[in-house]
Amino acid sequence: MQQNPSPSEPIVSLRDVQKSFGPLRVLDGVSFAVERGEVLALIGRSGSGKSTALRCIDRFEKVDGGEIVVCGHRVDRPDVDLRALRQDVGIVFQSYNLFPHLTIEQNITLAPCAVKGMAASQARDLARKVLAQVGLEEKLHAYPEQLSGGQQQRAAIARSLAMQPKVMLFDEVTSALDPELTAEVLKVIEQLAADGMTMVMVTHEMGFAKGIADRIVFMHRGKVHETGPASILTSPTTPELMQFVGTGNLKS
Amino acid sequence: MSLQLDFPAVLERWPSFLAGAALTLELAAFATVLGALLGTLAAVGRGTHNALISGACKVYVEAIRNTPLLVQIFLVYFGLASLGLKLSAFTVAVAALTINVGAYTAEIMRAGFEAIPRGQIEAAEGLALSRLQIYWHIILLPAIEKVYPALTSQFVLLMLASSICSQISAEELTAVANYIQSDTYRAFETYIIVAVLYVILSLIMRAGFWGLGLVLFPRRRRLGTPL
Chain A
681 MQQNPSPSEP IVSLRDVQKS FGPLRVLDGV SFAVERGEVL ALIGRSGSGK
731 STALRCIDRF EKVDGGEIVV CGHRVDRPDV DLRALRQDVG IVFQSYNLFP
781 HLTIEQNITL APCAVKGMAA SQARDLARKV LAQVGLEEKL HAYPEQLSGG
831 QQQRAAIARS LAMQPKVMLF DEVTSALDPE LTAEVLKVIE QLAADGMTMV
881 MVTHEMGFAK GIADRIVFMH RGKVHETGPA SILTSPTTPE LMQFVGTGNL
931 KS
Chain B
2 MSLQLDFPAV LERWPSFLAG AALTLELAAF ATVLGALLGT LAAVGRGTHN
52 ALISGACKVY VEAIRNTPLL VQIFLVYFGL ASLGLKLSAF TVAVAALTIN
102 VGAYTAEIMR AGFEAIPRGQ IEAAEGLALS RLQIYWHIIL LPAIEKVYPA
152 LTSQFVLLML ASSICSQISA EELTAVANYI QSDTYRAFET YIIVAVLYVI
202 LSLIMRAGFW GLGLVLFPRR RRLGTPL
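Okay, here's the thing in structure tokens:
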């Protein structure tokens, strides 16, 4: 069952989300919304709950309380149709997680064929198209281990794009890469943003967040501590964000 | 004391030896295929969240791994007979060997499943693949590739252990040998030939598994690196 939100409704919305790992309160009443075509950057210290918040959107973590609506799916409910949700949401991980036994083409065509029942030839055309989008057409028949980290991450982004998601989640996708490879991955994400993709990204690249994000959510101790346009990075109002960007690498 | 070997007296029975070797290979082939299926299912079952299924798989694996193969064969042989099932010695042998190797396969496959990084499964879930699709496309072949040497050794071991089926008069290689040596009084020669034949059977199986590996693991064939 495909539910389409009305144009005015946000693609992703979290309201008063609570989540604990044992006695540790990771999300303590988190609320934010992402509109269609918007790029939202989740920033904050390690352990502030930003990755957990992102993973809750695709239900890799179950929430203890609050409400999460993603493309019309009530993600906080136990009866949410996970497979329908995940057809609408693409997620890219820090560790790429390409399937090592499959070629890049097979990595990309697998889900469209298996989940959407796409014909193999059509899926191969699609693979070529999304690989071109990330600048890796020539790696169609390579195996993941033959690619550099940056190429693997771009291939992982292409694999997500092939499912034509309504929103993409990026979980610290450049944290395992050196500055040069980071730049090539960020360039791909920038192009996606320019193409109007709705995105939520957890990132430590402050300069990048400042350049690309429509809105910044600064998380601190499981709460949304400060939120606003990218300009809050240059003129923070709370002492915590001031300290965070002060110690961070605010390069532009 | 001198050792006198008279191979021609034994070798004139070569059609019997060949028939026995063929039956041994046939037993091993059936038990390998069925045992691989049974063991993989048991390994999957062991990993489910259903306590009943997981418990049943654990009991099966432990019961088989802690009892002798000969006793298992007798249990199947006499057990099925007392249930009124009249099956051939070959069928009973295949059933018993399958049950036996299935338990060992289950443990090996479980190790393979556990060697798949959690991130692989999350990535597959993120692409909306179903549980069954994840097992089939993402977990199964990499798991098999990781434990392939242990798995194939187990199946060769099974072929060698099938000699015990001579006890329920399945006409495999060892049973044939027992018959020939009691007929010719040339026990040493007979078992030398049988030993050589078992070595050849092992080599045939290993070659078969090597070829199967080339088909199953195209990445390894192309790159030559372990997964």
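Chains as they are written, first to last, in my numbering: chain A, 681 to 932; chain B, 2 to 228.
Every residue gets a Cβ at the ideal spot worked out from N, C-alpha and C, and that includes glycine.
Query: Please decide whether R735(A) counts as near chain B, where near means a Cβ-Cβ distance under 7 Å.; Result: no
Query: Could you tell me if F189(B) is buried or exposed, where buried requires 16 or more neighbouring beta carbons within 10 angstroms of its beta carbon?; Result: exposed
Query: Compare the C-beta of Q923(A) with all C-beta atoms of chain B and state if any pair is closer than 7 Å.; Result: no
Query: Starting from the beta carbon of P780(A), find every residue of chain B whose beta carbon is closer than 9 Å, and list them in chain order.; Result: Q121, P143, R220, L228
Query: For the ligand GTP, any of its heavy atoms closer than 6 Å to the Cβ of T41(B)?; Result: As presented, the structure is devoid of all ligands, the ligand GTP included, so that no description of it is given.
Query: Is there a C-beta anywhere in chain B that falls below 7 Å from the one on L857(A)?; Result: no
Query: In chain A, what lies closer than 7 Å to H138(B) by C-beta?; Result: L790, A794
Query: Kindly list the residues whose CB is nearer than 8 Å to the CB of A835(A), restricted to its own chain and excluding five residues on each side of it in sequence; keep chain order.; Result: Y776, L778, I784, N787, I788, L811, V814, L816, K819, P824, L827
Query: Under DSSP, the alpha helix (DSSP H) around Q767(A) begins and ends at which residues?; Result: 762–768
Query: G127(B) CB to nearest chain A CB: under 7 Å?; Result: yes
Query: For I771(A), which residues in chain B fall below 7 Å Cβ to Cβ?; Result: G127
Query: Since M843(A) meets chain B, which of its residues come closer than 8 Å, beta carbon to beta carbon?; Result: L128, A129
Query: Along the chain, where does the alpha helix (DSSP H) that runs through L26(B) open and close?; Result: 15–47
Query: Would you call the region 96–114 of chain B in contact with the region 30–49 of chain B, where contact means no fewer than 3 C-beta pairs closer than 8 Å?; Result: yes
Query: How is A129(B) classed by DSSP in three states: helix, strand or coil?; Result: coil
Query: According to DSSP, is L4(B) part of a helix, a strand, or is it coil?; Result: coil
Query: Run the CB neighbour count on Y149(B), radius 10 Å, all protein chains shown included, and call it buried at 16 or more, exposed below.; Result: buried
Query: If you count every other CB in all the chains shown that lies within 10 Å of the CB of H900(A), and 16 or more means buried, which is it?; Result: buried
Query: Applying a beta-carbon distance threshold of less than 7 Å, which residues of chain A neighbour A124(B)?; Result: F773, N777
Query: So is R763(A) in contact with chain B if we call contact Cβ pairs under 7 Å?; Result: yes
Query: Along the alpha helix (DSSP H) that carries L161(B), what are the first and last residues, could you check?; Result: 141–162
Query: Starting from F740(A), find everything on chain B with Cβ-Cβ shorter than 7 Å and list it in chain order.; Result: E123
Query: Would you call the CB atoms of I691(A) and T878(A) closer than 7 Å?; Result: yes
Query: Give a yes or no on whether the minimum CB-CB distance between R754(A) and chain B is below 7 Å.; Result: no
Query: Pull up the distance between the alpha-carbon of L6(B) and that of G80(B), whole angstroms please.; Result: 43 Å
Query: Starting from the Cα of A632(A), find the closest Cα among L806(A), D761(A), A721(A) and give me that residue.; Result: One cannot answer for residue 632(A) here, as it falls past the ends of chain A, which runs 681 to 932.
Query: Please report the residue range of the alpha helix (DSSP H) in which A713(A) lies.; Result: Unbroken run through A713(A) is the beta strand (DSSP E), 704–714; no alpha helix (DSSP H).
Query: Taking 7 Å as the CB-CB limit, is Q168(B) close to chain A?; Result: no
Query: Which residue comes first and which comes last in the beta strand (DSSP E) that contains G746(A)?; Result: 745–750
Query: In three-state DSSP terms, what is M110(B)?; Result: helix
Query: Could you tell me which residues DSSP pairs with H753(A) in its beta bridges?; Result: V750(A)
Query: Report the three-state DSSP secondary structure of I117(B) (helix, strand or coil).; Result: coil
Query: Measure the C-alpha to C-alpha separation of R895(A) and L722(A) and round it to an integer number of angstroms.; Result: 9 Å
Query: Flag this pair as touching only if the region 727–734 of chain A and the region 697–717 of chain A have three or more C-beta atom pairs under 8 Å; answer yes or no.; Result: yes
Query: Checking contacts by CB at 7 Å: is R766(A) closer than that to chain B?; Result: yes
Query: Please name the residue or residues paired with V719(A) in a DSSP beta bridge.; Result: M879(A)
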